[in-house]
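Residue numbers (the numbering used here): 14 to 299.
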Amino acid sequence: MFYQEDPKDSIALAREIKLDSLKAARLIEAEKRKLATQAKQNAIQATRKKIIPPLTQEMALGYRLNSDGWSFFVNRGFIKSDNEPPHTSFLFFDFSEKKHPKESRSINENFTTINPNEAKPTFYKYGKINNFYQFKIGYGNIRHLTGKLDNKSIVINWVYAGGLSMGILKPYYLDLLVPEGNIYVRKFEKYTDNTKEYFLDLNNQGTIIGGGSFTKGIGEIKIQPGLSARSGFYFDYTATRKLFLGVELGASAEVYFKEIPIMATAKNSFYFFNLYADFRIGKRWE
14 MFYQEDPKDS IALAREIKLD SLKAARLIEA EKRKLATQAK QNAIQATRKK
64 IIPPLTQEMA LGYRLNSDGW SFFVNRGFIK SDNEPPHTSF LFFDFSEKKH
114 PKESRSINEN FTTINPNEAK PTFYKYGKIN NFYQFKIGYG NIRHLTGKLD
164 NKSIVINWVY AGGLSMGILK PYYLDLLVPE GNIYVRKFEK YTDNTKEYFL
214 DLNNQGTIIG GGSFTKGIGE IKIQPGLSAR SGFYFDYTAT RKLFLGVELG
264 ASAEVYFKEI PIMATAKNSF YFFNLYADFR IGKRWE
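Right, dumping it as structure tokens:
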């Protein structure tokens, strides 16, 4: 006796197999969608990680050589890369010395001949009566003309700045050998009506040994307030993304409320104009 399958059972089995296949296909499709979604999220996340935050701040230290002196300075900058064109605003702090155009070093070549048993003469500034230093603080802008702040790139900028200048007058002292009665006495003297004959000793009559040390006159400084301004072209080389070197070439001016007495033998002024070149090194960060 043979078993004969009921046609209804075959139809039900086929339907069940078909349902199982559809269910499996749906599961596979759902898994594919899940994997695709995960891959898309991973790609978005990876793209976000590659986005580099913009540099927004910088600081630089530098040395400036002026046609009438020198300066050491610090710049604290704030980079505005979203602006068009981009620029950097900055605060500057500057310490400098101003020298008179007629100022030059001299040495009393006759001193040793006249006074062989005294100290050897050293260099001094003939006719100088004051050292003139300045502490400046102010605000400026660096405007990008060409290039961009990127690795191994050079950016040419126009820079302008202005601020306050606190002039510092320090008496200039001479190391002198001056007569007192029948003897000569070694003294450090600043320029006065009583000592000007020694400062203006054109014939080197044996009185001037040399200039006094830097510390002479520090306790006698006088303040001369004024204003300063400068403008020039600044060349910025980005060695790495965050480290940079810079050179600036330009002109500057200073004006004070009183005449600045630097020399006794030349005309003094209350304003100064000079050309300058500076070098700086700095760092930028986000």
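Beta carbons: idealized from backbone N, C-alpha and C, even for Gly. Quick caveat: nothing in here was measured; it's all calculated off a predicted structure.
Below 8 Å on the Cβ atoms is my guess for glutamine 70 versus isoleucine 92; work out the distance and round it to an integer in Å. The count along the sequence shown starts at 1 and reaches residue 70 at position 57. The count along the sequence shown starts at 1 and reaches residue 92 at position 79. Yes, glutamine 70 and isoleucine 92 are in contact; Cβ-Cβ is about 7 Å, under 8 Å.
Within 8 Å, do at least three Cβ pairs link the region 288–296 to the region 248–266? Below 8 Å, enough C-beta pairs join the region 248–266 and the region 288–296 to call them touching: three or more.
Specify the secondary structure class of leucine 162 as computed by DSSP and reduced to three states. The count along the sequence shown starts at 1 and reaches residue 162 at position 149. Residue state, collapsed to three classes: coil.
Could you tell me which whole beta strand (DSSP E) segments of length 3 or greater appear in the region 195–256? Listed in chain order, they are 196–203, 221–224 and 235–251.
Compare the C-beta of glutamine 237 with all C-beta atoms of chain D and state if any pair is closer than 7 Å. Here there is only one protein chain, and chain D is not present.
How far does the beta strand (DSSP E) with isoleucine 92 in it reach, from first residue to last? What you label residue 92 is simply residue 79 of the sequence shown in a count that begins at 1. Following the DSSP letters along the chain, one finds isoleucine 92 inside the beta strand (DSSP E) bounded by residues 82–93.
What does the alpha-carbon distance come out to for the pair glycine 176 and glycine 140? Translated into positions along the sequence shown, residue 176 becomes position 163. Translated into positions along the sequence shown, residue 140 becomes position 127. In a straight line, the C-alpha of glycine 176 is about 31 Å away from that of glycine 140.
Taking the alpha carbon of valine 191 as the point to measure from, which residue in Asn207, Ser109, Ser84 and Ser178 has its own alpha carbon closest? Here the question's residue 191 lines up with position 178 in the sequence shown. Per the Cα distances, Asn207.
Compare the C-alpha of phenylalanine 270 against each of Glu261, Tyr284 and Lys280 and name the closest. Sequence index remark: in the sequence shown, residue 270 carries index 257 (1-based). Residue Tyr284 is the option with its Cα nearest to phenylalanine 270.
For lysine 112, I'd like the list of residues in its chain whose CB is within less than 7 Å of its CB, leaving aside the five on either flank, ordered along the chain. Position 99 of the sequence shown, counting from 1, holds the residue named residue 112. Only Asp81 and Gly82 meet the Cβ criterion.
When we look at the beta-carbon of phenylalanine 15 and count the other beta-carbons within 10 Å, is it buried (16 or more) or exposed? Start at 1 with the first residue of the sequence shown, and residue 15 comes out as number 2. Summary for phenylalanine 15: the model assigns pLDDT 49, below 50, so the residue's position carries little reliability; its value from the coordinates is reported in the next sentence. Around the beta carbon of phenylalanine 15, fewer than 16 other beta carbons lie within 10 angstroms, which makes this residue exposed.
For glutamate 131, the nearest candidate out of Ser166, Val168, Thr101 and Leu189 (CA to CA): Start at 1 with the first residue of the sequence shown, and residue 131 comes out as number 118. Comparing C-alpha distances from glutamate 131 to each of Ser166, Val168, Thr101 and Leu189 shows the shortest one belongs to Leu189.
What is the rounded straight-line gap between the Cα of alanine 49 and the Cα of alanine 56? In the sequence shown, residue 49 corresponds to position 36, counting from 1. In the sequence shown, residue 56 corresponds to position 43, counting from 1. So the alpha carbons of these two residues sit roughly 10 Å apart.
Under 7 Å, do valine 172 and glycine 160 count as touching if we go by C-beta distance? Locating residue 172 in the sequence shown gives position 159, counting from the first residue. Locating residue 160 in the sequence shown gives position 147, counting from the first residue. No, the pair does not count as a contact, with Cβ atoms beyond the cut-off.
Between phenylalanine 201 and glycine 225, is the Cβ-Cβ spacing less than 7 Å? The residue labelled residue 201 in the question sits at position 188 within the sequence shown. The residue labelled residue 225 in the question sits at position 212 within the sequence shown. Remark: C-beta atoms of phenylalanine 201 and glycine 225 approach each other more closely than 7 Å.
With 16 as the cutoff for other CB atoms within 10 Å, does leucine 213 come out buried or exposed? If you number the sequence shown from 1, residue 213 lands on position 200. Around the CB of leucine 213, fewer than 16 other CB atoms lie within 10 Å, so the residue is classed as exposed.
Give me the residue from Lys133, Ser34 and Gly245 with the minimum Cα distance to glutamate 122. Against the sequence shown, residue 122 aligns to sequence position 109. In terms of CA proximity to glutamate 122, Lys133 leads the group Lys133, Ser34 and Gly245.
To the nearest angstrom, how far is the alpha carbon of arginine 118 from that of lysine 138? Stepping through the sequence shown from its first residue, residue 118 is reached at position 105. Stepping through the sequence shown from its first residue, residue 138 is reached at position 125. Distance between the alpha carbons of arginine 118 and lysine 138 is about 5 Å.
For a test of the three-state rule: what should DSSP assign to serine 34, helix, strand or coil? Counted from its first residue, the sequence shown places residue 34 at position 21. Residue state for serine 34 is assigned as helix, using DSSP reduced to three classes.
Which partner residues does serine 117 have in the DSSP bridge list? Here residue 117 refers to the residue found at position 104 of the sequence shown. DSSP output for serine 117 lists no bridge partner at all.
Consult DSSP for threonine 126 and reduce its assignment to one of helix, strand or coil. On the sequence shown, residue 126 is found 113 positions in, with the first residue counted as 1. DSSP, reduced to helix, strand and coil, places threonine 126 within a helical segment of the structure shown.
Compare the C-alpha of leucine 158 against each of Phe257, Trp298, Ile275 and Glu97 and name the closest. Stepping through the sequence shown from its first residue, residue 158 is reached at position 145. Cα-wise, what sits closest to leucine 158 is Glu97.
Quick one: grab the DSSP three-state call for asparagine 55. Here residue 55 refers to the residue found at position 42 when the sequence shown is read from its first residue. In the three-state reduction of the DSSP assignment, asparagine 55 falls in the helix class.
Looking at C-alpha atoms only, which residue of Tyr211, Tyr76 and Gly232 is the closest neighbour of isoleucine 221? Locating residue 221 in the sequence shown gives position 208, counting from the first residue. Nearest C-alpha to isoleucine 221: Tyr211.
Helix, strand or coil: which one does DSSP assign to phenylalanine 15? As a working note, residue 15 is residue 2 in the sequence shown. The predicted position of phenylalanine 15 is uncertain, since its pLDDT is 49 and thus under 50; a value taken from the coordinates is nonetheless stated next. Coil, per DSSP.
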